[in-house]
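For the sequence shown, this note's numbering assigns the number 845 to the initial residue and increments by one for each residue that follows.
Here's the structure, in C-alpha coordinates; my notes come after.
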Amino acid sequence: MPSVPSQTPERTAGLTLVSLALAGFGLIFFLILTRWQQQWDTRMEAIRSGTVVPTTLQVARRCVNDSRRGWSYSLVYTNAGKPEEIHRKVSRQIYEKSRVGDATPGYEFPNGYLIPSRDNGNFAGARATSLFIASSGFLTQAGFRLWRRRRSSGEKRQAVKLISR
(Lines of atoms letter the chains of each structure in order from A and count residues from 1; the text may use other names and numbers.)
(Lines give C-alpha, C1' and ligand atoms only; values in the text may rest on other atoms or scores of the structure.)
Protein backbone atom coordinates (compact mmCIF):
# COMPACT_ATOMS: atom_id res chain seq x y z
CA MET A 1 0.00 0.00 0.00
CA PRO A 2 1.52 3.41 -0.95
CA SER A 3 2.42 5.72 1.88
CA VAL A 4 0.45 8.90 2.28
CA PRO A 5 2.70 11.99 1.78
CA SER A 6 1.35 13.74 4.87
CA GLN A 7 2.55 10.87 7.04
CA THR A 8 6.21 10.98 6.09
CA PRO A 9 8.56 11.09 9.08
CA GLU A 10 9.86 14.54 8.06
CA ARG A 11 6.40 16.10 8.13
CA THR A 12 5.47 14.34 11.34
CA ALA A 13 8.68 15.53 12.99
CA GLY A 14 8.11 19.06 11.72
CA LEU A 15 4.60 19.23 13.12
CA THR A 16 5.79 17.76 16.41
CA LEU A 17 8.55 20.35 16.60
CA VAL A 18 6.18 23.23 15.88
CA SER A 19 3.59 22.07 18.41
CA LEU A 20 6.25 21.52 21.10
CA ALA A 21 7.73 24.95 20.37
CA LEU A 22 4.28 26.55 20.75
CA ALA A 23 3.66 24.70 23.98
CA GLY A 24 7.11 25.57 25.35
CA PHE A 25 6.87 29.22 24.37
CA GLY A 26 3.42 29.54 25.92
CA LEU A 27 4.46 27.90 29.19
CA ILE A 28 7.69 29.90 29.52
CA PHE A 29 5.86 33.14 28.72
CA PHE A 30 3.22 32.25 31.33
CA LEU A 31 5.89 31.67 33.99
CA ILE A 32 7.63 34.96 33.16
CA LEU A 33 4.35 36.86 33.38
CA THR A 34 3.53 35.15 36.67
CA ARG A 35 6.88 36.27 38.09
CA TRP A 36 6.26 39.86 36.92
CA GLN A 37 2.80 39.78 38.52
CA GLN A 38 4.30 38.56 41.80
CA GLN A 39 6.93 41.32 41.72
CA TRP A 40 4.25 43.94 41.07
CA ASP A 41 2.10 42.55 43.90
CA THR A 42 5.09 42.66 46.27
CA ARG A 43 5.77 46.28 45.34
CA MET A 44 2.13 47.26 45.80
CA GLU A 45 2.08 45.55 49.20
CA ALA A 46 5.14 47.60 50.24
CA ILE A 47 3.35 50.76 49.08
CA ARG A 48 0.13 49.89 50.93
CA SER A 49 2.00 49.05 54.13
CA GLY A 50 3.83 52.38 54.02
CA THR A 51 7.34 50.89 53.81
CA VAL A 52 7.99 52.88 50.66
CA VAL A 53 7.10 56.57 50.68
CA PRO A 54 5.85 58.38 47.57
CA THR A 55 8.04 60.77 45.63
CA THR A 56 6.61 63.49 43.41
CA LEU A 57 7.61 62.97 39.80
CA GLN A 58 7.07 65.60 37.12
CA VAL A 59 6.62 65.09 33.41
CA ALA A 60 9.73 66.62 31.83
CA ARG A 61 9.15 65.63 28.19
CA ARG A 62 6.66 63.92 25.96
CA CYS A 63 8.13 61.82 23.15
CA VAL A 64 6.69 60.19 20.06
CA ASN A 65 8.64 57.60 18.10
CA ASP A 66 6.90 57.20 14.74
CA SER A 67 9.31 54.54 13.52
CA ARG A 68 7.95 52.01 16.03
CA ARG A 69 4.67 50.18 16.00
CA GLY A 70 2.64 49.69 19.15
CA TRP A 71 3.87 51.67 22.15
CA SER A 72 5.31 54.63 20.27
CA TYR A 73 4.41 57.16 22.99
CA SER A 74 6.57 57.78 26.03
CA LEU A 75 6.79 60.19 28.94
CA VAL A 76 10.01 61.26 30.63
CA TYR A 77 9.71 61.97 34.34
CA THR A 78 12.17 63.73 36.64
CA ASN A 79 12.53 63.57 40.39
CA ALA A 80 13.41 66.91 42.01
CA GLY A 81 15.86 65.21 44.38
CA LYS A 82 17.78 63.25 41.70
CA PRO A 83 19.23 64.14 38.31
CA GLU A 84 18.11 60.90 36.61
CA GLU A 85 15.27 60.64 34.12
CA ILE A 86 12.57 57.99 34.27
CA HIS A 87 11.34 56.83 30.86
CA ARG A 88 7.93 55.16 30.56
CA LYS A 89 6.18 53.86 27.47
CA VAL A 90 2.51 54.81 27.69
CA SER A 91 -0.67 54.36 25.72
CA ARG A 92 -1.93 57.10 23.46
CA GLN A 93 -4.74 57.97 25.90
CA ILE A 94 -2.31 58.53 28.79
CA TYR A 95 0.04 60.45 26.49
CA GLU A 96 -2.72 62.83 25.40
CA LYS A 97 -3.87 63.45 29.00
CA SER A 98 -0.36 64.20 30.28
CA ARG A 99 1.21 67.65 29.96
CA VAL A 100 4.76 68.82 30.65
CA GLY A 101 4.97 69.83 34.30
CA ASP A 102 2.20 67.49 35.51
CA ALA A 103 3.04 65.94 38.88
CA THR A 104 2.30 62.32 39.78
CA PRO A 105 3.28 60.16 42.75
CA GLY A 106 5.97 57.57 42.12
CA TYR A 107 7.63 55.03 44.38
CA GLU A 108 11.34 54.28 44.18
CA PHE A 109 12.52 50.69 44.42
CA PRO A 110 16.06 49.30 44.04
CA ASN A 111 15.41 48.30 40.41
CA GLY A 112 13.39 51.31 39.30
CA TYR A 113 10.28 53.34 39.94
CA LEU A 114 6.69 52.21 40.19
CA ILE A 115 4.15 54.78 39.05
CA PRO A 116 0.75 53.34 40.04
CA SER A 117 -1.18 55.74 37.80
CA ARG A 118 0.76 54.40 34.78
CA ASP A 119 1.58 50.80 35.79
CA ASN A 120 -1.65 48.94 36.50
CA GLY A 121 -0.09 45.49 36.95
CA ASN A 122 -2.88 43.72 35.11
CA PHE A 123 -1.21 40.68 33.61
CA ALA A 124 -4.35 38.50 33.49
CA GLY A 125 -5.03 38.97 29.77
CA ALA A 126 -1.45 38.29 28.77
CA ARG A 127 -1.29 35.22 31.02
CA ALA A 128 -4.50 33.87 29.47
CA THR A 129 -3.07 34.46 25.99
CA SER A 130 0.13 32.60 26.87
CA LEU A 131 -1.90 29.65 28.17
CA PHE A 132 -3.91 29.67 24.94
CA ILE A 133 -0.66 29.52 22.94
CA ALA A 134 0.61 26.64 25.09
CA SER A 135 -2.65 24.72 24.80
CA SER A 136 -2.76 25.24 21.03
CA GLY A 137 0.59 23.48 20.80
CA PHE A 138 -0.63 20.53 22.84
CA LEU A 139 -3.98 20.38 21.03
CA THR A 140 -2.31 20.53 17.61
CA GLN A 141 -0.15 17.56 18.49
CA ALA A 142 -3.05 15.61 20.01
CA GLY A 143 -5.31 16.36 17.04
CA PHE A 144 -2.67 15.30 14.55
CA ARG A 145 -2.07 12.03 16.38
CA LEU A 146 -5.80 11.28 16.52
CA TRP A 147 -6.19 12.11 12.83
CA ARG A 148 -3.25 9.88 11.93
CA ARG A 149 -4.59 7.02 14.06
CA ARG A 150 -8.05 7.35 12.51
CA ARG A 151 -6.60 7.52 9.01
CA SER A 152 -4.40 4.47 9.53
CA SER A 153 -7.32 2.46 10.99
CA GLY A 154 -9.40 3.50 7.94
CA GLU A 155 -6.65 2.26 5.62
CA LYS A 156 -6.60 -1.04 7.51
CA ARG A 157 -10.37 -1.36 7.06
CA GLN A 158 -10.00 -0.72 3.33
CA ALA A 159 -7.27 -3.34 3.10
CA VAL A 160 -9.51 -5.87 4.87
CA LYS A 161 -12.35 -5.10 2.42
CA LEU A 162 -10.03 -5.58 -0.57
CA ILE A 163 -8.70 -8.87 0.79
CA SER A 164 -12.17 -10.22 1.59
CA ARG A 165 -13.41 -9.66 -1.98
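We treat Cβ as the ideally placed atom computed from N, Cα and C, and that holds for glycine.
These figures come from a predicted structure and were not determined experimentally.
Fewer than three Cβ pairs drawn from the segment 965-974 and the segment 916-935 lie within less than 8 Å of each other, which leaves the two stretches out of contact. Of all C-beta pairs linking the segment 892-902 to the segment 943-960, three or more are shorter than 8 Å, placing the two stretches in contact. The criterion of a C-beta distance shorter than 8 Å is not satisfied by Tyr-939 and Leu-958. Contact between Leu-866 and Gly-987 is absent: CB atoms are separated by about 13 Å, not below the 8 Å threshold. Sequence-distant Cβ neighbours of Arg-905 in its own chain, meaning closer than 6 Å and more than five residues away, are Val-920. Setting aside the 5 residues that flank it on each side, Ala-890 is surrounded in the same chain by Val-896, each with a C-beta closer than 6 Å to its C-beta; the list follows chain order. Ser-961 and Trp-884 have their C-alpha atoms spaced approximately 13 Å apart. With 16 or more other Cβ atoms inside 10 Å of its own Cβ, Gly-870 counts as buried.
For the pair Phe-967 and Gln-881, the CB atoms are nearer than the 8 Å cut-off.
Following the DSSP letters along the chain, one finds Arg-906 inside the beta strand (DSSP E) bounded by residues 898-908. Cβ-Cβ distances below 6 Å link Asn-909 to Ser-916 in the same chain, with the five nearest sequence neighbours on each side left out; the list follows chain order. Its chain contains Val-903, Arg-906, Leu-919 as the residues whose beta carbon lies nearer than 7 Å to that of Ser-942, once the 5 sequence neighbours on both sides are disregarded; these appear in chain order. As computed with DSSP, Pro-949 is found in a beta bridge with Thr-900.
The three-state reading of DSSP puts Ile-959 in coil, since its state is none of H, G, I, E or B.
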